[in-house]
Amino acid sequence: MVQDYESLDDTKRLPRSYTRIWWKVIGLILILAIGFHVWNTTDSINQVEAKNHCAVPEYVILDSYRKDNSTLVKIVYDEAFRNASAAKLTGAVQVRTDVGDDAPTVDEDPEYWEKRFGKFHTFLEKTFPGVWNFCKIEKVNHYSLVITWEGSESSLKPVMLTAHQDVVPIQEASLDQWEYPPFEGFYNGAQLWGRGSADCKNLLIALLETAEELYNSGFRPRRSIIYAFGFDEEIGGLRGANHISEFLLQRYGENGLYAVVDEGGQSLVKHGNVALALIGTGEKGMLNVKVEVDTPGGHSSVPPDHTSIGIISELVTRLEKNPFAPVFSDRNPTFYEYQCIAEHSDAVSPEIRRLIKESQTSKAASKKVADYIYNSDLGSRYLVTTSQAVDIVHGGVKSNALPEHVELVINHRIAVESSVNEVMKRNTYYIQAVAENFDLGLQIGGKTILAPTAKGHITVSTSWNLEPSPFTPIYDGHWEAFAGTLRHVYEVVCRGTLKEFEGLRIIATPGMAAGNTDTQYYWGLTKHIYRYRPGLVPLVQAHAHGANENIPFDSHLQIIAFYFEYLQIVGDVQ
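Residue numbers (the UniProt record's numbering): 1 to 574.
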């Protein structure tokens, strides 16, 4: 028998309480469905439409280039210009400006700095008399250089180009591994060797060469151009870029610059049928964590079950067994790099291409892409996760004496989706677990977490504490000027010196800068920070910081060619 519920009288209808319950159940189901949809959708940080996740800008070409490109041809292909340029870079390498972690402050030991950078400034003034003539030269905190080429229109925000004067020291034990002496600046017509040849005296010299070529060609900027050269980037930039930032903030104010362009590690990377120009639009954060374990000493013939070295080893084991999980989100420039790979490269499988595109709206796809990148190789892994490296361990003084004090330092490069606080919460979890397991006291950042015991205590402190950088806006006029110029210079101007990339389309894409640079001090000066140095070879292949540091000289000339075009173009971008 089929009942017609519409015809039932009130005495046979469901009670009101049941009706209300059913409506609540239906409402709850709707809320859960909406919530699942929201959870499964990636928030768009940049509010970029899906079709624009890899917008490839058109060439940006100067009218003057169409009329007369002879200066650019000279820069890239003329043998006399090449040799003269090599002589300048050789001279720069020969002036030792190596600075170590234990360097004194300028006030503590002025001679330490003068014999390096006083001499280097003299070399620069002698080598680039034109720059010293038509630009304003200012020294900040004694040895940083701020060189300003005044523009004709003060309403236009200045563009700032940066490099650093200092280089990393040479390890004495590695001297026999150098093919040529590290401060000779040997040039064989194709390569130039020496400390700083790739990181980054080549960039500094190229920027000044560009300025003189522009001036000699008749160019006079509408927009002021600032060249900012710190002198301690390799040890953190506190004496150099830190002071430059304060100096420029006083002069131009917050967000007072059009853009900042600094060094970057990846220039051109082959990816199947395309070459990616990875323009650094973000940097990971950094945190150093020092962990000290203090336990009673004694003779090693009657040791406890676990010495302080054993205890700290347990901590290392726990940390390394539990690495940070990868994340693939549009807060990370790597997200846009892989959207470009999915859109243009034939080097990924159809399945991975589909997942990358679906990651724009699907958390599940994002998780799979994150795992794919994480498991690809070490270089890719840390684009999508926070790293941890136990870099320093000290402990023990004698083979038959129990170690009373042992310490280690963990270095983290923090993913852009994370924070210093989040990383420390995770570290605290494992450190506290070890302290409780071995009945030890625990103090973190001066705060007592567990009271000291007769068995000892653990002390934790941090240094550096740098949050991930803001994400440079992309696909706007600033980006189109930079990336469009880059494409034209690579694909047209320098085509004859890019044989290994012949036939490959250049895709300019946002990328994650591999390490921290002086730009960490310039966040307040502009939202537009590009960490990119034109050229053929990434820093790893150039042996930067290692033995046999060198640069293919075509790369050096490509830097000059790019900035010769770019600095003329940005004068027309509001």
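Positions of the beta carbon are idealized from the N, C-alpha and C atoms, including for glycine.
- Query: Hey, E500 and L72: beta-carbon distance below 9 Å or not?
  - Reply: No, the Cβ-Cβ distance between E500 and L72 is not below 9 Å.
- Message: For the structure I just gave you, are there three or more beta carbon pairs, one from the region 435-454 and one from the region 249-264, closer than 8 Å?
- Response: They do not touch, by the three-pair rule.
- Task: Could you tell me which residues DSSP pairs with G462 in its beta bridges?
- Result: Going by the sequence as given, residue 462 is Thr instead of Gly. Paired residues: V289.
- Please classify L72: does DSSP put it in a helix, a strand, or coil? Three-state result, L72: helix.
- Message: Please classify I323 as buried or exposed, where buried requires at least 16 other C-beta atoms within 10 Å of its C-beta.
- Response: The sequence shown places Pro at residue 323, not Ile. It counts as exposed.
- For the alpha helix (DSSP H) that T97 lies in, which residues bound it at each end? No alpha helix (DSSP H) contains T97, which DSSP labels as neither H nor E.
- Message: Quick check: what's the CA-CA separation for F81 versus A275?
- Response: The straight-line gap from Cα to Cα measures roughly 28 Å.
- Query: According to DSSP, what are the bridge partners of Y429?
  - Reply: In the DSSP secondary-structure assignment, Y429 is not bridged to any residue.
- Own chain, CB closer than 6 Å to P158, minus 5 neighbours either side, in chain order: So the qualifying residues of the chain are S224, I226, L257.
- Message: Three or more C-beta pairs under 8 Å: does that hold for the region 506-515 against the region 552-564?
- Response: The region 506-515 vs the region 552-564: no contact.
- Rounded C-alpha distance that separates V48 from W479: Annotation note: pLDDT 40 at V48 (below 50); position unreliable, no value reported.
- Message: Please state whether the Cβ-Cβ distance between V269 and Y532 is less than 9 Å.
- Response: With respect to Y532, V269 sits apart: the two C-beta atoms are not nearer than 9 Å.
- Query: Of the choices G524, N133, K455, G151, whose alpha-carbon is the least far from that of E246?
  - Reply: Looking only at G524, N133, K455, G151, the smallest Cα-Cα distance to E246 is reached by G524.
- Message: Which residues does DSSP list as the beta-bridge partners of Y530?
- Response: Looking at the DSSP assignment, Y530 forms a beta bridge with V261.
- Message: Tell me the rounded alpha-carbon separation between E234 and G240.
- Response: So the two alpha carbons sit approximately 10 Å from each other.
- Query: Just reading off the alpha helix (DSSP H) that K201 is part of, what are its end residues?
  - Reply: Per DSSP, the unbroken alpha helix (DSSP H) holding K201 starts and ends at 201-216.
- Task: Provide the residue(s) that pair with F324 in DSSP beta bridges, ordered along the chain.
- Result: For F324, which the question treats as bridged, DSSP gives no partner whatsoever.
- Query: Roughly how many angstroms separate the alpha carbons of R96 and W464, rounded to a whole number?
  - Reply: Taking the straight line from one Cα to the other gives about 27 Å.
- Query: Do you know how far the Cα of I61 is from the Cα of R495?
  - Reply: Distance between the alpha carbons of R495 and I61: 15 Å.
- Close-in-space but distant-in-sequence residues of the same chain around I569 (CB under 6 Å, 5 per side omitted): Within the same chain, Cβ atoms closer than 6 Å to the Cβ of I569 are found at V60, A481, T485, the five residues on either side in sequence being excluded.
- Specify whether the region 142-162 and the region 206-221 touch according to this definition: at least 3 beta carbon pairs, one from each stretch, less than 8 Å apart. In short, these stretches touch, since the Cβ pair count reaches three.
- Query: The beta strand (DSSP E) with W178 in it runs from where to where?
  - Reply: Segment: none, W178 is in no beta strand (DSSP E) and carries neither H nor E.
- To the nearest angstrom, how far is it from the Cα of S70 to the Cα of D554? Rounded to the nearest angstrom, the two C-alpha atoms are 18 Å apart.
- Message: One question on the structure: do A163 and F117 come within less than 9 Å of each other, judged by their Cβ atoms?
- Response: No, these two residues do not count as a Cβ contact at 9 Å.
- Query: Can you give the Cα-Cα distance for residue 586 and I444, rounded to whole angstroms?
  - Reply: Since the first and last residues shown for the chain are 1 and 574, residue 586 lies out of range.
- Item | Residue range of the beta strand (DSSP E) that includes N550 | 550-552 is the span of the beta strand (DSSP E), which, as asked, contains N550.
- Item | Assigned exposure category for G571 - 16 Cβ within 10 Å defines buried | Burial call: buried.
- Message: Can you list, in chain order, the residues of its chain with a C-beta nearer than 6 Å to that of A347? Leave out the 5 residues immediately preceding and following it.
- Response: Closer than 6 Å at Cβ, skipping near neighbours: H271, G272.
- Message: On the criterion of 16 or more Cβ atoms from any shown chain inside 10 Å, does V25 qualify as buried, or is it exposed?
- Response: Per-residue confidence for V25 stands at a pLDDT of 45, beneath the threshold of 50, marking its modelled position as unreliable; the derived number appears in the next sentence. Label assigned to V25: exposed.
- Can you tell me the Cα-Cα spacing of I392 and Y521, whole angstroms? Distance between the alpha carbons of I392 and Y521 is about 27 Å.
- Three-state secondary structure assigned by DSSP to R20: Note that R20 has pLDDT 48, beneath the 50 cutoff, so the model's placement of it is unreliable and no number is given.
- Message: Quick check: the Cα distance between V131 and L208, rounded to an integer number of angstroms?
- Response: For the pair V131 and L208, the Cα-to-Cα distance works out to about 7 Å.
- Query: Using a Cβ-Cβ cut-off of 6 Å (strictly less than) and excluding sequence neighbours within five positions of H528, which residues of its own chain qualify?
  - Reply: In the same chain as H528, and ignoring 5 residues on each side of it, the C-beta atoms closer than 6 Å to its own belong to A259, T472, H478, in chain order.
- Message: Only counting the same chain, and skipping five residues up and downstream in sequence, which positions put a Cβ closer than 6 Å to that of G196?
- Response: So the qualifying residues of the chain are V93, V167.
- Task: Compare the C-alpha of I431 against each of V293, D98, T509 and name the closest.
- Result: Minimum Cα-Cα distance from I431 among the listed residues V293, D98, T509 corresponds to V293.
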